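Chemist: Pasting a structure here, questions to come.
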Amino acid sequence: MAASMTPLATPPTTPPIATPLLRITRHGRVLTVTMSRAPVNALNDELIAQLDAAADLAIADDGVSVLHIRSDQRAFSAGADLALIRSCFETPEGPDAMTEVVRHMQRLYDKLEAAPLVTLAEIGATAFGGGLELALACDLRVAAREVKLGLPEAGLGLLPGAGGTQRLTRLVGPGVAKRMILGAEVIDGAEAERIGIVQWAQPLAQLASWTSALATRYAAMPKAALAANKRCIAAATDCARDGYAEEIAETRTLYDHPDTRRRVVAFLARDAAKHSKESTP
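Start counting the sequence shown at 528; every next residue gets the next number (our numbering).
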């Protein structure tokens, strides 16, 4: 299902944009997408399409360095829509239709993972199944210590097919991935931080403000450097790519980037001024 979305204006802070299932705001270089499909952000074609359009919006805007994904519902996302799952097993065309939904999820999550900006998931409520897979596709994850996270598909005779088996394994290794996936284990945010599924866990009361400050900090970094570093980090786990060669190529490109040159020249000027001041009697 296609999603229409009003383009963002260019000022650094813009009024919210509302789609049927999302609320989108921009503050400086941070684009915040709040999922709002009551009651638990169950993933269906419409929500996936609108998230995909929001990702395109962020990627196309040179003024956006961070895409911050969050929820205002009872769950970050509880995973696939139960109506879709029901139809999968109650109609002849159901399995093919559900497979296509999972394929759409994979494409969206691949796009987020490869996006030339920082993607940040704020997990302030339950993240199960495809909802946790959405968070795993983001570069950075912050969870409330109290929230529940898990990939419960194996308990239903299924698997987390929107990238869950691949991304969780790359993130925490096969041992922890097998523990989580094969056992359909549910953990809280504090444990997720301890084993490396999320980078940070915060008290729920502080999560929104803490994550907003984190987004602002990353948004202050040069966007070209963020994108180049992401590509090189991705090469580290791709045996078909030469990560060292990519580092050299990306470094050479950054040397010529206007923002890099401006920042380095300013840094050298500050350093020269500091040493001049220190050497003055």
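Think of the CB as a built atom: it goes at the ideal place given N, C-alpha and C, for glycine as much as any other residue.
These numbers were taken from a predicted model, which means no experiment stands behind them.
Just the Cα atoms here: how many angstroms apart are THR618 and THR738?
Modeler: If you take the alpha carbons of THR618 and THR738, they lie about 43 angstroms apart.
Chemist: Which two residues bound the contiguous beta strand (DSSP E) that contains HIS784?
Modeler: Looking at the DSSP string, HIS784 is not in any beta strand (DSSP E), and its letter there is neither H nor E.
Chemist: In whole angstroms, what separates the C-alpha of MET532 from that of ARG744?
Modeler: No answer about MET532 holds up, because its pLDDT of 40 lies below 50 and its placement is not dependable.
Chemist: Just reading off the alpha helix (DSSP H) that GLU720 is part of, what are its end residues?
Modeler: From DSSP, the alpha helix (DSSP H) with GLU720 extends over 716-722.
Chemist: Grab me the residues of CYS759's own chain with a C-beta within less than 7 angstroms of its C-beta, minus the 5 sequence neighbours each way, in chain order.
Modeler: So the qualifying residues of the chain are GLY770, GLU773, GLU774 and GLU777.
Chemist: Within its chain, find whatever has a CB closer than 8 angstroms to the CB of ARG790; leave out the 5 residues flanking it on each side and keep chain order.
Modeler: Within the same chain, ARG790 has close Cβ partners PRO749.
Chemist: Do the region 561-577 and the region 598-607 touch if we need at least three Cβ pairs shorter than 8 angstroms?
Modeler: With the cut-off at 8 angstroms, the region 561-577 and the region 598-607 touch.
Chemist: Going along the chain, which residues of its own chain have a beta-carbon closer than 7 angstroms to the beta-carbon of GLN633, five neighbours each way excluded?
Modeler: Once the five neighbours on either side are set aside, the close Cβ partners of GLN633 are ALA689 and GLY690.
Chemist: Pairs of beta-carbons, one from the region 678-685 and one from the region 623-642, closer than 8 angstroms: are there three or more?
Modeler: With the cut-off at 8 angstroms, the region 678-685 and the region 623-642 do not touch.
Chemist: Note down, one range per segment and in chain order, each beta strand (DSSP E) of at least 3 residues found wholly within the region 711-781.
Modeler: Whole beta strand (DSSP E) segments, 3+ residues: 713-715 and 727-729.
Chemist: Using the Cβ count rule (16 or more neighbours within 10 Å means buried), how would you classify GLU627?
Modeler: GLU627 comes out exposed.
Chemist: Measuring straight from C-alpha to C-alpha, what distance separates ARG672 and ASP783?
Modeler: If I take the Cα positions, the gap works out to 43 angstroms.
Chemist: Decide if LEU535 is buried, meaning its Cβ has at least 16 other Cβ atoms within 10 Å, or exposed.
Modeler: Any answer about LEU535 is weak, because its pLDDT of 40 lies below 50 and its placement is not dependable; what the coordinates show is given next. So LEU535 ends up on the buried side.
Chemist: Could you please give the first and the last residue of the uninterrupted alpha helix (DSSP H) stretch that includes GLY621?
Modeler: First-last of the alpha helix (DSSP H) with GLY621: 621-641.
Chemist: Let me know if PHE655 comes out buried or exposed under the rule of 16 or more other beta-carbons within 10 Å of its beta-carbon.
Modeler: Buried.
Chemist: Between LEU644 and VAL591, how many whole angstroms is the CB-CB distance? I'm expecting something under 8 angstroms.
Modeler: Yes, LEU644 and VAL591 are in contact; Cβ-Cβ is about 6 angstroms, under 8 angstroms.
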